[in-house]
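Numbering (this note's numbering) for the sequence shown: 24 to 196.
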Amino acid sequence: MAFNGTFSILSIEERQALLDSGTTRRFKDGQLIIQQGIVLQGIFVVTKGEVRVEHGVRVIKKVKVKGKDGKTKAKRIPGRLSVEVTRLGRGAIFGEMSFVDDAPTSASVAAVGNVETVFIDAAQMNEKLNEKSGFGKRFYHSLAIELSKRLREANKRSRGGQPRKKEKGAPKR
């Protein structure tokens, strides 16, 4: 099972050991796998199918309501809107940010069609990371590369796919 390059620094045996230490979890189309804002104690690996990563955004909805006097008035009601950020397929990981910093999840993740994942519990992962084999260093290096790649992709999307314009006074490369 490939990790889409995420753990390419790890040996094939180490990658397989990671998968073997986890538990298989299956989800149906539209089923929520991770809710934004929860504390997650592990990392998911997509083994079959595709997942949708989305951020909840607070919005104010304007609704017309009739008052007691029969007149229509505008009322503001707070709500949430889910915005799709990306989709991840076979071999991709998610939940890694919460694993690294113990903070609540920054996004929700839902199944697109039938999905199978392997969930690697943080306690099992930490046990493996504390071995003196150098695994921890290679694991975190791989994670740093993946997070950097995702940040670059997010930056590119925020610019509408356009290359960054050179700022005035910026040093030449």
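Glycine included, every Cβ here is placed at the ideal spot set by N, Cα and C.
On a predicted model such as this, the values are computed, not experimentally measured, just so you know.
Per DSSP, which one or two residues make a beta bridge with residue i?
i: residue 65; result: 144
i: residue 101; result: 83
i: residue 55; result: 133
i: residue 164; result: DSSP output for residue 164 lists no bridge partner at all.
i: residue 109; result: 76
Expressed to the nearest angstrom, what Euclidean distance is found between the alpha-carbon atoms of residue i and residue j?
i: residue 44; j: residue 147; result: 7 Å
i: residue 179; j: residue 112; result: 20 Å
i: residue 150; j: residue 75; result: 30 Å
i: residue 46; j: residue 139; result: 10 Å
i: residue 101; j: residue 93; result: 24 Å
i: residue 35; j: residue 168; result: 18 Å
i: residue 82; j: residue 98; result: 13 Å
Among the residues of its own chain, which have a CB less than 8 Å from the CB of residue i, if the five just before and after it don't count?
i: residue 57; result: 63, 67, 117, 118, 128, 130, 131 and 132
Going by the CB atoms, is the gap between residue j and residue i shorter than 8 Å?
i: residue 141; j: residue 29; result: no
i: residue 159; j: residue 166; result: no
Keeping to the same chain, check which residues put their C-beta closer than 7 Å to that of residue i; ignore five residues upstream and five downstream.
i: residue 186; result: Its pLDDT being 49, under 50, residue 186 is placed unreliably by the model, and nothing is read from it.
If you drop the 5 nearest sequence neighbours on each side, which residues of the same chain put their C-beta closer than 6 Å to that of residue i?
i: residue 190; result: For residue 190, the predicted model reports a pLDDT of 46, less than 50, meaning its position is unreliable; a value from the coordinates is still stated below. Here the set comprises nothing.
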